[in-house]
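*Asks:* Would you mind keeping the following structure in view while I ask a few things?
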Amino acid sequence: MAMATLTMANLTAMIALLIAAATAASNAPAPAPVTGYTNHTVGGTVGWFFNSTTNTSATNYSAWAATQTFNLGDYLIFISISNTTVIQTYNETVYRNCTMDESEDGDTYQYDGGQNQFEKSLTVAVPLTIAGPNYYFSDADDGAQCQSGMAFEIQVNHGLGLPPYLNQPPPPPYLEPPGSDSAQFPPITLPQSPANSGFRAGASLTGVLCVSFFILFELLSVF
Ligand SMILES: *[C@@H]1O[C@H](CO)[C@@H](O)[C@H](O)[C@H]1NC(C)=O
Ligand SMILES: *[C@@H]1O[C@H](CO)[C@@H](O)[C@H](O)[C@H]1NC(C)=O
Ligand SMILES: *[C@@H]1O[C@H](CO)[C@@H](O)[C@H](O)[C@H]1NC(C)=O
Ligand SMILES: *[C@@H]1O[C@H](CO)[C@@H](O)[C@H](O)[C@H]1NC(C)=O
Ligand SMILES: *[C@@H]1O[C@H](CO)[C@@H](O)[C@H](O)[C@H]1NC(C)=O
Ligand SMILES: *[C@@H]1O[C@H](CO)[C@@H](O)[C@H](O)[C@H]1NC(C)=O
Ligand SMILES: *[C@@H]1O[C@H](CO)[C@@H](O)[C@H](O)[C@H]1NC(C)=O
């Protein structure tokens, strides 16, 4: 009896261990759970700056991005001056080329701080609204800033998904307002619907079948 209890206890302990091991194994690679939305200040305390004397970016923005986890609904906060720009693209070709000259509608956005003078302070908040690769660069100095480090790529995870204030539903499909142009066109008369003739064919087929059964019945009753 004592032996059986011990075995049972061992078995229970073993199952518990197995479950713990399995849980640990399946949980190990999972990132920390996402509990909210984060504002990432690009470059950390250094910000988004380019030194035109040394021709270098203020920091390595790719290295900075590698320290962050990005999720839908987060913001990138670019703290800079108007000597730089903020271009967001989902098109890797546009990013690699350091110019938005040939970008297409809907794949590239320029965030304008509204400055038309150099060295004015510029803060740009860019919401992350599309999961997957997002690319950022400054296209100032005809792409020279971008070529010298003012560029980085991030991977946006789903996280909690978009919050309602960023998740605008698409507009409803366009409907012709009643009584605008419709009166100018006469109503269209459709030709006789084939469905009707199909129905008639069906009806007459039923009739034929009824007659056939009647004849069969009559024939059978003869014998
Ligand atoms: C993050 O930035 C956005 C855009 O500037 C702002 O509306 C929001 O309040 C900020 N959130 C936090 C937690 O600072
Ligand atoms: C650019 O770099 C030079 C040399 O390191 C430095 O003297 C200058 O202050 C920098 N300019 C800016 C705007 O940071
Ligand atoms: C910037 O950091 C990335 C990632 O850490 C690295 O691969 C790259 O070589 C760095 N670039 C420069 C110019 O140091
Ligand atoms: C900003 O750009 C102007 C015009 O190219 C230049 O004269 C100025 O030195 C730049 N300022 C910085 C801090 O790079
Ligand atoms: C790449 O950039 C150059 C200028 O730097 C431009 O002439 C060319 O059209 C661009 N190509 C694409 C595919 O954007
Ligand atoms: C990316 O942009 C280039 C032009 O710069 C265009 O030819 C290409 O089709 C775009 N790629 C995608 C996936 O939209
Ligand atoms: C800065 O670097 C870019 C890209 O490497 C280069 O095209 C440009 O000539 C350089 N400008 C200066 C002033 O060194």
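Read in order, the letters of the sequence shown are residues -24 to -1, 1 to 199 in mature numbering (1 follows the signal peptide of the UniProt record, and there is no 0).
Don't be surprised by glycine CBs; every beta carbon is placed ideally from N, CA and C.
Keep in mind the model is a prediction, meaning the values are calculated, not measured.
Verify the CB distance criterion: does residue 74 have a CB-CB separation below 9 Å to chain D?
*Replies:* In the structure shown, chain D cannot be found, because there is only a single protein chain.
*Asks:* From which residue to which residue does the alpha helix (DSSP H) around residue 37 run?
*Replies:* Element bounds for residue 37: 37 to 41.
*Asks:* Rounded to whole angstroms, what is the Cα-Cα separation between residue 166 and residue 81?
*Replies:* Its pLDDT being 45, under 50, residue 166 is placed unreliably by the model, and the measurement read from it follows with that caveat. Their backbone Cα atoms lie some 41 Å apart in a straight line.
*Asks:* With a 10 Å radius around its C-beta and 16 neighbouring C-beta atoms as the bar for buried, classify residue 16 as buried or exposed.
*Replies:* Under this definition residue 16 is a buried residue.
*Asks:* Should residue 69 be counted as a contact of ligand 5 given a C-beta to heavy atom distance under 8 Å?
*Replies:* Under cutoff, so the answer is yes.
*Asks:* Taking the alpha carbon of residue 14 as the point to measure from, which residue in 102, 124, 143, 123 has its own alpha carbon closest?
*Replies:* When only C-alpha atoms are compared, the closest one is 102.
*Asks:* Decide if the region 132 to 141 is in contact with the region 65 to 85; the criterion is three or more beta carbon pairs, one per stretch, under 8 Å apart.
*Replies:* No, the region 132 to 141 is not in contact with the region 65 to 85.
*Asks:* Nearer than 8 Å: is that true of the beta carbon of residue 27 relative to any heavy atom of ligand 2?
*Replies:* Yes.
*Asks:* Measure from the alpha carbon of residue 118 to the alpha carbon of each residue in 61, 11, 84, 50, then state which is nearest.
*Replies:* That would be 61, whose Cα lies nearest to the Cα of residue 118.
*Asks:* Spell out the partners DSSP gives residue 84 in its beta bridges.
*Replies:* DSSP, once it has assigned bridges, lists 65 as partnering residue 84.
*Asks:* Does residue 50 pass the burial test, meaning 16 or more other C-beta atoms within 10 Å, or should it be called exposed?
*Replies:* Looking at its Cβ environment, which holds 16 or more other Cβ atoms inside 10 Å, residue 50 is buried.
*Asks:* Label residue 86 either buried or exposed according to how many other C-beta atoms from any shown protein chain fall within 10 Å of its C-beta, with 16 as the threshold for buried.
*Replies:* Label assigned to residue 86: exposed.
*Asks:* Residues in the same chain with beta-carbon distance under 8 Å from residue 47, minus the five sequence neighbours each way, listed in chain order, please.
*Replies:* Taken in chain order, the residues that qualify are 10, 13, 14, 104, 132, 133, 134, 135, 136.
*Asks:* Along the chain, where does the alpha helix (DSSP H) that runs through residue 120 open and close?
*Replies:* Residues 120 to 123.
*Asks:* So, helix, strand or coil for residue 20, using DSSP?
*Replies:* Three-state DSSP puts residue 20 in a helix.
*Asks:* I'd like to confirm the pairing. Which residues does DSSP put opposite residue 103 in its beta bridges?
*Replies:* DSSP, once it has assigned bridges, lists 51 as partnering residue 103.
*Asks:* Check for me: the beta strand (DSSP E) holding residue 131 runs from which residue to which?
*Replies:* Counting along the chain, the beta strand (DSSP E) containing residue 131 begins and ends at 127 to 133.
*Asks:* Could you please give the first and the last residue of the uninterrupted beta strand (DSSP E) stretch that includes residue 110?
*Replies:* Run containing residue 110: 108 to 113, per the beta strand (DSSP E) assignment.
*Asks:* Any chance you could list the residues with Cβ under 6 Å from a heavy atom of ligand 1, keeping chain order?
*Replies:* That query returns the following residues: 15, 51, 101.
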